[in-house]
Amino acid sequence: MTVKDMVYAALFAALTAALGLLPMVAVPGLPVPIHAQSLGVMLAGGVLGAKRGGLAMLVFMALVAAGLPLLSGGRGGIGIFLGPTGGFALGYIPGAYVVGWLIERFWSRLNYFSAFIACGVGGVGVVYLLGIPWLALVAKISFTKAATGSMAFIPGDLVKAVVGAIVAVSMKKAYPMIRR
Amino acid sequence: MFEISLARITWLHRVPAGAKLVVLALVGAAVFLVDDLHILGGFVAAAVLLPLSAWLPLKAVIRQVTPAAILIAAVGGFHLLMDEPRLAAEVSARLGTVILLAVVLTLTTRVSDMVEAIEFGVGPLRVVGVNPAKVGLTLSLAIRFIPVLFDLIGEIREAQKARGLEGNVFAVVMPLLVRTLRMADDLADAISARGYDSD
Numbered sequence: 001m002t003v004k005d006m007v008y009a010a011l012f013a014a015l016t017a018a019l020g021l022l023p024m025v026a027v028p029g030l031p032v033p034i035h036a037q038s039l040g041v042m043l044a045g046g047v048l049g050a051k052r053g054g055l056a057m058l059v060f061m062a063l064v065a066a067g068l069p070l071l072s073g074g075r076g077g078i079g080i081f082l083g084p085t086g087g088f089a090l091g092y093i094p095g096a097y098v099v100g101w102l103i104e105r106f107w108s109r110l111n112y113f114s115a116f117i118a119c120g121v122g123g124v125g126v127v128y129l130l131g132i133p134w135l136a137l138v139a140k141i142s143f144t145k146a147a148t149g150s151m152a153f154i155p156g157d158l159v160k161a162v163v164g165a166i167v168a169v170s171m172k173k174a175y176p177m178i179r180r
Numbered sequence: 181m182f183e184i185s186l187a188r189i190t191w192l193h194r195v196p197a198g199a200k201l202v203v204l205a206l207v208g209a210a211v212f213l214v215d216d217l218h219i220l221g222g223f224v225a226a227a228v229l230l231p232l233s234a235w236l237p238l239k240a241v242i243r244q245v246t247p248a249a250i251l252i253a254a255v256g257g258f259h260l261l262m263d264e265p266r267l268a269a270e271v272s273a274r275l276g277t278v279i280l281l282a283v284v285l286t287l288t289t290r291v292s293d294m295v296e297a298i299e300f301g302v303g304p305l306r307v308v309g310v311n312p313a314k315v316g317l318t319l320s321l322a323i324r325f326i327p328v329l330f331d332l333i334g335e336i337r338e339a340q341k342a343r344g345l346e347g348n349v350f351a352v353v354m355p356l357l358v359r360t361l362r363m364a365d366d367l368a369d370a371i372s373a374r375g376y377d378s379d
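Quick note, the sequences are listed as chains A and B, same order. With my numbering as the guide, the letters of the first sequence map in order to residues 1 to 180. With my numbering as the guide, the letters of the second sequence map in order to residues 181 to 379.
The structure is reproduced here in C-alpha cells:
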C-alpha cells in the first residue's frame, strides 16, 4: 500500500461519510430524490479503480464499525454488520472493487453503457449477491423469499447506477485517475 | 469529534475495546449454535441486564436499538405468519442478543479506542503485507477529513445555489470529486515530502 493508496482510500471514505450528512439530492429528469451516500460505492470504484475503490469502502465500513454515526439517519456501530441487512453493508466493499475492476477493463473505450454495466454489476449485483444469502441465513427465511423481498430496492439502485455511470464517464475527462 | 459513544464513564467504558469485541464475537457464535429456547432466553436476559448494570441512559440505548428492532420484528412477524412461532422466537432472541450487545459496545467504547483495537487486530495480517501503522494512519486521516469534506460540500452547494443548481446531483458531485482528488494529491505529496516511510 503506497501513500497515494492510503490517502485516496481515506479521502473517499470521508467523502462517502460526508455525503451521508447531506440531504437527499435530485437527479435531473427524475421525480424522486435519491440519497447521495449510496452513490459512494460507485463513485469510489468508478473514479479510483478496483484497489483504491475497494479500500475506500473498507475504510468507510471500518469507521462505521468503530462507532461513528455515518450511515444515513445517523446510524453506526458494529451492530450494523451483525443484523439481517449486514451483508448489504459488507457487500459495498467487494462491490466497489468490482465496479473499479470493470471500469479499468472498459477504460480505453469507456462510454455511458459500459460504465452503467460496471456500476450495475458491481454496485448492485455484487452487493445483492452478498446481501440476500446473508439475509436468508440470519433471518432463517428461504433464499427465494429473501430475494423477492430485496427486489423492491432494485429500481432505485439502478437509477443510482445510471448516475454513477454518468459521473464515471465525466470524471474520465475531468480528472482521469486510472493508469496514472 | 461526534460519535455514538457516551461521554459519561461507566464500568463498561473501562473494559478494553478488544475484550468487548472478543466477548461480542463469542456470544455471537454461541447464539447461532444454540437452539434451546431456555438458553437463548438466558442470553437475552443477560443482554438486557448488561446496559442496566452500568446505568446506561435508556434513551440512548433505545435510540440505537430501534432501527434493528424494527427489522427483527419484521423477521419475527414473518415467521409467525408462516405459522412457525418457535422459529420466530429463536431468530428474534438471537438477533436481539447480538444487536443489543453490539449497541452496548458502541455506546461504551470511544472511536479512538476502536481504531486502536483495529490496529491491534490486523497485526497478524502482517504476514500478508498489511502494515498496522498504515491502517491506523489511514483510518485517522479519514476521520480527520470528514468535517473538511462536509464543509466542502456546503461550499459547493452554496456556489451552485447562486447558479440555481443546488439540487442537481451532478452539479454538486462533479466539483466535489475533482476537489477531493486534488486535495488527496496535495496531501499525498505533503506526507511523502515529510519522509513518511511507505513500507
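All C-beta atoms, glycine included, are put in the ideal place defined by N, C-alpha and C. Every value quoted in this text rests on a predicted model; they were computed, and no experiment measured them.
- Under the three-state reduction of DSSP, A/L71 is assigned to strand.
- Checking the DSSP bridge columns, you'll see A/I34 partnered with A/V25.
- Counted as a single uninterrupted DSSP element, the alpha helix (DSSP H) harbouring B/I250 occupies residues 238-261.
- Residue environment: B/R274 is assigned as buried (16 or more neighbouring CB atoms within 10 Å of its CB, all protein chains considered).
- Partner residues in the beta bridge of B/N348, as assigned by DSSP, are A/A26.
- At least 7 Å separates the CB of A/G164 from every CB of chain B.
- Among the residues of chain B, those whose CB is under 9 Å from the CB of A/M177 are L361, following chain order.
- The straight-line gap separating the alpha-carbon atoms of A/A14 and B/T288 is approximately 23 Å.
- Between B/L204 and B/L260, the CB-CB gap reaches or exceeds 7 Å.
- A/M1: not part of any alpha helix (DSSP H); DSSP gives it neither H nor E.
- The shortest C-alpha to C-alpha distance from A/V167 to any of A/A10, A/K51, A/L39 is the one to A/L39.
- Taking a contact to require three or more Cβ pairs closer than 8 Å, the segment 110-122 of chain A and the segment 153-168 of chain A qualify as touching.
- Two segments are said to touch when three or more pairs of C-beta atoms, one from each, lie closer than 8 Å; by this definition the segment 59-75 of chain A touches the segment 1-21 of chain A.
- When B/A373, B/Y376, B/A370, B/T360 are compared, the shortest CA-CA separation from A/Y8 is found for B/T360.
- About 6 Å separates the beta carbons of B/V255 and B/V271, which is inside the 8 Å limit, making them a contact pair.
- For B/G316, the enclosing alpha helix (DSSP H) stretches over residues 312-342.
- At a cut-off of 7 Å between C-beta atoms, B/V358 counts as an interface residue with respect to chain A.
- By a beta-carbon distance limit of 8 Å, A/V127 does not contact A/P84. Their separation comes to about 15 Å.
- Counting along the chain, the unbroken alpha helix (DSSP H) around B/D293 starts and ends at 291-301.
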